[in-house]
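A.B. asks: One line per chain: the protein sequences are L, D and F, in this order.
So the mapping is simple: our numbering equals the position in the first sequence, first residue as 1, plus 2.
So the mapping is simple: our numbering equals the position in the second sequence, first residue as 1, plus 230.
So the mapping is simple: our numbering equals the position in the third sequence, first residue as 1, plus 265.
Below are the structure tokens for one structure; questions will follow.
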Amino acid sequence: MEIYLIIMLVLMIFGSLYSLHAKDLLSAVISYGIVGFGLVISFLLLQAPDLAIVQVVIEIVTLVIMIAVIKDTTEKEDKQTARFSQFIYLLVLLLFTIAFYLAFDKISGSLSPFGQHATRMATAYTQGVHETGSANLVTGVVFGFRAYDTLGEATVLFTAVIGVLTILRLKGKKGE
Amino acid sequence: MKGMTIIVRKVTQFIAPIIFLFGIYIVFYGHLTPGGGFAGGVIMASAFILQILANGEILDKLRKEESGLEFLESGAILGFIIIAGFGLILSSSFVFFSNFINKGVIGKLLSAGMIPLENIIVGTEVCAAITTIFIALVVYKDEVAL
Amino acid sequence: MIPFILCLILFLIGLYGIITQKNLIKIIIGLAIMEYSVNLFLIMIGYVDGGTAPIFAEKFHIGSYVDPLPQAMILTAIVIGLATTALLLAMAIRLYRKYGTFDIRKINSLKG
Chain L
3 MEIYLIIMLV
13 LMIFGSLYSL
23 HAKDLLSAVI
33 SYGIVGFGLV
43 ISFLLLQAPD
53 LAIVQVVIEI
63 VTLVIMIAVI
73 KDTTEKEDKQ
83 TARFSQFIYL
93 LVLLLFTIAF
103 YLAFDKISGS
113 LSPFGQHATR
123 MATAYTQGVH
133 ETGSANLVTG
143 VVFGFRAYDT
153 LGEATVLFTA
163 VIGVLTILRL
173 KGKKGE
Chain D
231 MKGMTIIVRK
241 VTQFIAPIIF
251 LFGIYIVFYG
261 HLTPGGGFAG
271 GVIMASAFIL
281 QILANGEILD
291 KLRKEESGLE
301 FLESGAILGF
311 IIIAGFGLIL
321 SSSFVFFSNF
331 INKGVIGKLL
341 SAGMIPLENI
351 IVGTEVCAAI
361 TTIFIALVVY
371 KDEVAL
Chain F
266 MIPFILCLIL
276 FLIGLYGIIT
286 QKNLIKIIIG
296 LAIMEYSVNL
306 FLIMIGYVDG
316 GTAPIFAEKF
326 HIGSYVDPLP
336 QAMILTAIVI
346 GLATTALLLA
356 MAIRLYRKYG
366 TFDIRKINSL
376 KG
């Protein structure tokens, strides 16, 4: 099973690399869809059907909104002007990669190999099915044991809607 | 914004209620099968998005009568807090979100206390929020005057 | 250990997109790729070899489910990621309306 996950991850890496270097904005947004839908298949391979359903519909809504934003602003991007600044950026990225890899090496001493990790609370939550009474364990955790996080998420969604409506407003009401 | 041809409009008239019904099914059975409030809410919103994208020219009516969505969204998030408050008052232990309706047999539709109620409330709120975001970013792109 | 390293590479690609790209839409795409890679990493931590999806049925004993706790946390995080992207796109529309371009080298009227 691990080999299928590696294939999907390699596909997502290629899709994201092409999406950041495309010459046209429409091609960039459509290649961004590769990453999103590859994530859906990865979630199904990791035995998480709840998350696959949520991810596929949210990815479709995101793609529709992005295409509607860029559809009448077609512009190709002009080429990078200075080669020197590009070299500086690549050097910074290389140093960042080395630092990240060293940190990861230190952390991975305490990270179990892929597929053999069991947190301490997992057994407590899987035995909680008789306490909440719901057959879907993930829903029991989201709405039963950790309901405060769901309340916070609803608040964040509400705030984002108010923020979008405020940013796009023209001048205030005249007169009155 | 321009709409689509008449074939697309008639097919949308058949399909969009079925999509809305599927969204309601996923919300209601959220405690037995994968899904729940968030997934069902976004599916219900996509039925509305389909209608808006298909009938383009009739959207001028939307610019005047759009006050239904904000009541739905505000009422849903207020209802969430009120149900949590009921859990505070009506239960023996003084805990905010306690499950005070009795839990039935695991696996039946009427089980799991107040989790189906919370699923319905969150589904309504997510549907209204995503439809509002879509209308504000796609239809009203130039002037939002409310 | 190889899936973890590939997930880290996806995170670094998103970071590279934020640092080096000059178009505003590509910066937003880079941020979204970073969010996806973090979600995937947390789900990969909770995976158990030979486990099944966490839906209660009579024939599975308790020890053979995958971990339901990271799935509950990432369920919230996916919806919040949509809210963040929508807010950034609203700001991008506003900037385009004022300056007429998406290029961040030309949006510089705050200098001096």
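Don't be surprised by glycine CBs; every beta carbon is placed ideally from N, CA and C.
1. What are the residues in the segment 155-170 of chain L lying within 7 Å of chain F by C-beta distance?
2. Anything in chain F within Cβ reach of residue 44 (chain L), meaning under 7 Å, just list it in chain order.
3. Do we get a CB-CB distance below 7 Å when we pair residue 52 (chain L) with the residues of chain D?
4. Based on the DSSP secondary-structure assignment, which residues constitute the bridge partners of residue 138 (chain L)?
5. Check the Cβ of residue 363 (chain D) against every Cβ in chain F and list those closer than 7 Å, keeping chain order.
6. What is the C-beta distance between residue 319 (chain D) and residue 348 (chain D), in whole angstroms, given that I count them as a contact (C-beta under 8 Å)?
7. In its own chain, which residues sit with a C-beta less than 6 Å from the C-beta of residue 315 (chain D), not counting the 5 before and 5 after it?
8. Between D:271, D:244 and D:338, which has its C-alpha nearest residue 362 (chain D)'s C-alpha?
9. Could you tell me the alpha carbon to alpha carbon distance between residue 215 (chain D) and residue 90 (chain L), rounded to whole angstroms?
10. Between residue 160 (chain L) and residue 291 (chain F), what straight-line distance do the alpha-carbon atoms span, to the nearest angstrom?
11. Short of 6 Å in beta carbon distance, which residues of its chain neighbour residue 182 (chain L), apart from the five on each side in sequence? Order them along the chain.
12. What are the boundary residues of the alpha helix (DSSP H) that includes residue 262 (chain D)?
13. Less than 7 Å between the beta carbons of residue 126 (chain L) and residue 308 (chain F), yes or no?
14. For the candidate residues F:346, F:281, F:355 and F:325, whose alpha-carbon lies nearest to that of residue 97 (chain L)?
15. Roughly how many angstroms separate the alpha carbons of residue 240 (chain D) and residue 149 (chain L), rounded to a whole number?
16. Pull up the DSSP beta-bridge partners for residue 349 (chain D), would you.
17. How would you list, in chain order, the residues of chain F whose beta-carbon sits under 7 Å from the beta-carbon of residue 268 (chain D)?
18. Under 6 Å: does the beta carbon of residue 266 (chain D) sit that close to some heavy atom of the ligand MG?
19. Taking the alpha helix (DSSP H) that residue 268 (chain F) falls in, what are its first and last residues?
20. Using only the alpha-carbon positions, how far apart do residue 294 (chain F) and residue 262 (chain D) sit?
21. To the nearest whole angstrom, what separates the beta carbons of residue 345 (chain D) and residue 145 (chain L), a pair I think is in contact under 8 Å?
22. Report the three-state DSSP secondary structure of residue 359 (chain D) (helix, strand or coil).
23. So the alpha helix (DSSP H) residue 149 (chain L) belongs to, where does it begin and stop?
C.D. replies: Let me spell this out:
1. 155, 158, 159, 162, 165, 166, 169 and 170
2. Translated into positions along the first sequence, residue 44 (chain L) becomes position 42. The contacting residues are 305.
3. Taking the first residue of the first sequence as position 1, residue 52 (chain L) is located at position 50. It does: the Cβ of residue 52 (chain L) has a partner Cβ on chain D nearer than 7 Å.
4. Counting from 1 along the first sequence, the entry for residue 138 (chain L) is found at position 136. Residue 138 (chain L) pairs with F:320.
5. Working through the second sequence from its first residue, we reach residue 363 (chain D) at position 133. Within chain F, the residues near residue 363 (chain D) are 351.
6. Translated into the one-based positions of the second sequence, residue 319 (chain D) becomes position 89. Translated into the one-based positions of the second sequence, residue 348 (chain D) becomes position 118. The pair is not a contact, with the Cβ atoms about 17 Å apart (cut-off 8 Å).
7. Residue mapping note: residue 315 (chain D) aligns to position 85 of the second sequence, counting from 1. Here the set comprises nothing.
8. Indexing the second sequence from 1 puts residue 362 (chain D) at position 132. Considering only alpha carbons, the answer is D:271.
9. Because chain D is modelled from 231 through 376, residue 215 (chain D) falls outside the range shown and cannot be assessed.
10. Position 158 of the first sequence, counting from 1, holds the residue named residue 160 (chain L). Position 26 of the third sequence, counting from 1, holds the residue named residue 291 (chain F). Computed Cα separation, rounded: 26 Å.
11. Nothing in the structure corresponds to residue 182 (chain L), since chain L is present only between 3 and 178.
12. Against the second sequence, residue 262 (chain D) aligns to sequence position 32. Taken as a continuous stretch (DSSP letters only), residue 262 (chain D) belongs to no alpha helix (DSSP H), as it is neither H nor E.
13. Taking the first residue of the first sequence as 1, we reach residue 126 (chain L) at position 124. Taking the first residue of the third sequence as 1, we reach residue 308 (chain F) at position 43. In this structure, residue 308 (chain F) does not lie closer than 7 Å to residue 126 (chain L) by Cβ.
14. Against the first sequence, residue 97 (chain L) aligns to sequence position 95. Residue F:281 is the option with its Cα nearest to residue 97 (chain L).
15. Along the second sequence, read from residue 1 onward, the residue named residue 240 (chain D) stands at position 10. Along the first sequence, read from residue 1 onward, the residue named residue 149 (chain L) stands at position 147. Rounded to whole angstroms, residue 240 (chain D) to residue 149 (chain L) spans 42 Å at the Cα level.
16. For the purposes of this step, residue 349 (chain D) is identified with residue 119 of the second sequence, where counting begins at 1. Beta-bridge pairing links residue 349 (chain D) to no other residue.
17. Along the second sequence, one-based indexing puts residue 268 (chain D) at 38. Ordered by position in chain F, the residues that pass the 7 Å Cβ test against residue 268 (chain D) are 340 and 344.
18. For the structure depicted, the ligand MG is absent and the ligand set is empty, with no information on it obtainable.
19. Residue numbering aside, residue 268 (chain F) sits at position 3 when the third sequence is read from its first letter. Run containing residue 268 (chain F): 267-285, per the alpha helix (DSSP H) assignment.
20. Counting from one through the third sequence, the residue named residue 294 (chain F) turns up at place 29. Counting from one through the second sequence, the residue named residue 262 (chain D) turns up at place 32. Using only the alpha carbons, I get a separation of about 35 Å.
21. As a first step, residue 345 (chain D) must be located in the second sequence, where it is residue number 115. As a first step, residue 145 (chain L) must be located in the first sequence, where it is residue number 143. Confirmed, about 5 Å.
22. The residue you call residue 359 (chain D) lines up with position 129 of the second sequence. Helix, per DSSP.
23. Position 147 of the first sequence, counting from 1, holds the residue named residue 149 (chain L). Residue 149 (chain L) -> alpha helix (DSSP H) spans 149-169.
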